[in-house]
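Take a look at the structure below.
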Amino acid sequence: MIPSSTLARIQALTEARDRIALREPARPTWYGDRMQATAHRVEAAYGVDLAALWPRLWLILPEPAVRQIQSAHDSFSAAARLAAWAVGYALLACWWWPAALAAVGCAAVARSRARTALDALAGLIEAAVDVHGRELATRVGLISPEAPGLLAHDTGDGMSAVFRKAE
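Numbering of the sequence shown is given in UniProt numbering, commencing with residue 1 and proceeding in unit increments.
Shown next as C-alpha coordinates:
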(Lines of atoms letter the chains of each structure in order from A and count residues from 1; the text may use other names and numbers.)
(Lines give C-alpha, C1' and ligand atoms only; values in the text may rest on other atoms or scores of the structure.)
Protein backbone atom coordinates (compact mmCIF):
# COMPACT_ATOMS: atom_id res chain seq x y z
CA MET A 1 0.00 0.00 0.00
CA ILE A 2 1.33 3.43 -0.95
CA PRO A 3 1.33 6.01 1.87
CA SER A 4 -1.12 8.88 1.48
CA SER A 5 1.71 11.43 1.62
CA THR A 6 3.33 9.75 -1.39
CA LEU A 7 0.02 9.73 -3.27
CA ALA A 8 -0.47 13.43 -2.48
CA ARG A 9 3.05 14.17 -3.76
CA ILE A 10 2.40 12.22 -6.96
CA GLN A 11 -0.88 14.10 -7.45
CA ALA A 12 0.85 17.47 -6.94
CA LEU A 13 3.60 16.58 -9.40
CA THR A 14 1.05 15.36 -11.96
CA GLU A 15 -0.89 18.62 -11.67
CA ALA A 16 2.32 20.62 -12.06
CA ARG A 17 3.25 18.62 -15.17
CA ASP A 18 -0.24 19.01 -16.66
CA ARG A 19 0.00 22.80 -16.35
CA ILE A 20 2.97 22.60 -18.71
CA ALA A 21 1.73 19.88 -21.08
CA LEU A 22 -0.65 16.92 -20.97
CA ARG A 23 1.72 14.94 -23.19
CA GLU A 24 5.38 15.17 -24.10
CA PRO A 25 5.76 18.42 -26.07
CA ALA A 26 6.07 17.87 -29.83
CA ARG A 27 4.87 21.17 -31.30
CA PRO A 28 6.62 24.54 -31.43
CA THR A 29 4.09 26.14 -29.05
CA TRP A 30 2.07 25.21 -25.99
CA TYR A 31 -1.08 25.90 -28.02
CA GLY A 32 -0.21 23.30 -30.65
CA ASP A 33 0.73 20.79 -27.99
CA ARG A 34 -2.58 21.32 -26.18
CA MET A 35 -4.64 20.70 -29.29
CA GLN A 36 -2.48 17.72 -30.24
CA ALA A 37 -2.97 16.29 -26.74
CA THR A 38 -6.72 16.46 -27.30
CA ALA A 39 -6.38 14.58 -30.60
CA HIS A 40 -4.17 11.94 -28.94
CA ARG A 41 -6.54 11.50 -26.01
CA VAL A 42 -9.52 11.03 -28.36
CA GLU A 43 -7.49 8.58 -30.46
CA ALA A 44 -6.44 6.62 -27.37
CA ALA A 45 -9.95 6.48 -25.93
CA TYR A 46 -12.00 5.81 -29.06
CA GLY A 47 -9.59 5.00 -31.90
CA VAL A 48 -10.93 7.86 -33.97
CA ASP A 49 -8.96 10.48 -35.89
CA LEU A 50 -10.17 13.81 -34.49
CA ALA A 51 -9.25 15.72 -37.65
CA ALA A 52 -11.48 13.43 -39.73
CA LEU A 53 -14.24 13.24 -37.13
CA TRP A 54 -14.57 16.89 -36.13
CA PRO A 55 -16.27 18.42 -39.23
CA ARG A 56 -18.93 15.71 -39.18
CA LEU A 57 -19.44 15.92 -35.44
CA TRP A 58 -19.80 19.70 -35.70
CA LEU A 59 -22.78 19.19 -38.02
CA ILE A 60 -24.77 17.22 -35.44
CA LEU A 61 -23.87 19.08 -32.25
CA PRO A 62 -26.85 20.65 -30.47
CA GLU A 63 -27.04 24.43 -30.34
CA PRO A 64 -25.88 24.82 -26.70
CA ALA A 65 -22.69 22.86 -27.42
CA VAL A 66 -22.04 24.85 -30.59
CA ARG A 67 -22.47 28.12 -28.69
CA GLN A 68 -20.03 27.10 -25.96
CA ILE A 69 -17.41 25.92 -28.43
CA GLN A 70 -17.85 29.05 -30.53
CA SER A 71 -17.53 31.21 -27.43
CA ALA A 72 -14.22 29.56 -26.50
CA HIS A 73 -13.01 29.98 -30.09
CA ASP A 74 -14.02 33.64 -30.08
CA SER A 75 -12.16 34.16 -26.81
CA PHE A 76 -9.03 32.68 -28.35
CA SER A 77 -9.43 34.89 -31.41
CA ALA A 78 -9.78 37.97 -29.21
CA ALA A 79 -6.57 37.02 -27.39
CA ALA A 80 -4.81 36.66 -30.76
CA ARG A 81 -5.96 40.14 -31.76
CA LEU A 82 -4.62 41.49 -28.49
CA ALA A 83 -1.28 39.80 -29.24
CA ALA A 84 -1.25 41.55 -32.61
CA TRP A 85 -1.74 44.85 -30.80
CA ALA A 86 1.24 43.97 -28.61
CA VAL A 87 3.37 43.53 -31.74
CA GLY A 88 2.15 46.87 -33.05
CA TYR A 89 3.01 48.60 -29.79
CA ALA A 90 6.43 46.92 -29.79
CA LEU A 91 7.13 48.35 -33.24
CA LEU A 92 6.00 51.77 -32.11
CA ALA A 93 8.36 51.46 -29.13
CA CYS A 94 11.27 51.73 -31.56
CA TRP A 95 10.39 55.44 -31.88
CA TRP A 96 8.50 56.13 -28.67
CA TRP A 97 9.65 54.19 -25.58
CA PRO A 98 6.40 54.39 -23.54
CA ALA A 99 4.77 52.12 -26.13
CA ALA A 100 7.00 49.33 -24.80
CA LEU A 101 4.99 49.32 -21.58
CA ALA A 102 1.76 48.90 -23.54
CA ALA A 103 3.39 46.14 -25.61
CA VAL A 104 4.47 44.19 -22.54
CA GLY A 105 1.08 44.62 -20.88
CA CYS A 106 -0.85 43.55 -23.98
CA ALA A 107 1.45 40.57 -24.53
CA ALA A 108 1.09 39.35 -20.95
CA VAL A 109 -2.69 39.65 -20.96
CA ALA A 110 -2.94 38.08 -24.44
CA ARG A 111 -0.84 35.08 -23.40
CA SER A 112 -2.88 34.47 -20.28
CA ARG A 113 -6.22 34.82 -22.07
CA ALA A 114 -5.09 32.70 -25.03
CA ARG A 115 -3.95 29.83 -22.80
CA THR A 116 -7.19 29.90 -20.83
CA ALA A 117 -9.34 30.09 -23.96
CA LEU A 118 -7.49 27.35 -25.84
CA ASP A 119 -7.53 25.06 -22.83
CA ALA A 120 -11.30 25.56 -22.59
CA LEU A 121 -11.71 25.00 -26.34
CA ALA A 122 -9.69 21.78 -26.27
CA GLY A 123 -11.69 20.53 -23.29
CA LEU A 124 -14.98 21.31 -25.01
CA ILE A 125 -13.89 19.55 -28.20
CA GLU A 126 -12.94 16.46 -26.23
CA ALA A 127 -16.22 16.61 -24.31
CA ALA A 128 -18.18 16.90 -27.57
CA VAL A 129 -16.57 13.68 -28.80
CA ASP A 130 -17.25 11.98 -25.46
CA VAL A 131 -20.91 12.99 -25.43
CA HIS A 132 -21.86 12.93 -29.13
CA GLY A 133 -19.35 10.58 -30.80
CA ARG A 134 -21.60 7.56 -30.33
CA GLU A 135 -24.51 9.48 -31.86
CA LEU A 136 -22.42 10.20 -34.96
CA ALA A 137 -21.43 6.53 -35.24
CA THR A 138 -25.13 5.65 -35.08
CA ARG A 139 -26.05 8.22 -37.72
CA VAL A 140 -23.47 6.93 -40.19
CA GLY A 141 -24.65 3.36 -39.60
CA LEU A 142 -21.63 1.89 -37.82
CA ILE A 143 -23.58 0.89 -34.71
CA SER A 144 -27.20 0.30 -33.92
CA PRO A 145 -29.08 2.82 -31.76
CA GLU A 146 -29.97 0.01 -29.35
CA ALA A 147 -26.35 -1.09 -28.80
CA PRO A 148 -25.36 -0.45 -25.19
CA GLY A 149 -22.18 1.12 -23.88
CA LEU A 150 -19.68 3.76 -24.84
CA LEU A 151 -18.14 4.36 -28.23
CA ALA A 152 -15.93 1.32 -28.81
CA HIS A 153 -12.39 1.52 -30.15
CA ASP A 154 -13.22 -0.59 -33.21
CA THR A 155 -16.18 1.69 -34.00
CA GLY A 156 -13.84 4.68 -33.77
CA ASP A 157 -11.45 2.96 -36.16
CA GLY A 158 -14.38 2.38 -38.51
CA MET A 159 -15.43 6.03 -38.33
CA SER A 160 -11.88 7.15 -39.13
CA ALA A 161 -11.79 4.85 -42.14
CA VAL A 162 -15.17 6.04 -43.40
CA PHE A 163 -14.42 9.73 -42.83
CA ARG A 164 -11.00 9.54 -44.47
CA LYS A 165 -12.65 7.78 -47.41
CA ALA A 166 -10.29 4.84 -46.92
CA GLU A 167 -10.90 1.68 -48.87
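The beta carbon of each residue, even a glycine, is placed where N, CA and C say it ideally should be.
Distance check between A80 and each of A108, W58, I60 places A108 closest, using alpha-carbon atoms only.
In the DSSP assignment, A103 falls within the alpha helix (DSSP H) that extends over 98–139. At a Cβ-Cβ threshold of 8 Å, A114 and Y31 count as neighbours.
Taking 8 Å as the cut-off, the Cβ atoms of D33 and R164 do not count as close. Comparing alpha carbon positions, the residue from S77, A103, A72 closest to A86 is A103. Taking 8 Å as the upper bound for CB-CB distance, T155 and P145 are not in contact here, some 13 Å apart.
Between the beta-carbon of A117 and that of A72 there is about 6 Å, and that keeps the pair under the 8 Å contact cut. Classified as buried, R134 has 16 or more neighbouring CB atoms from the shown chains inside 10 Å of its CB. Judged by DSSP in its simplified three-state form, L82 adopts helix.
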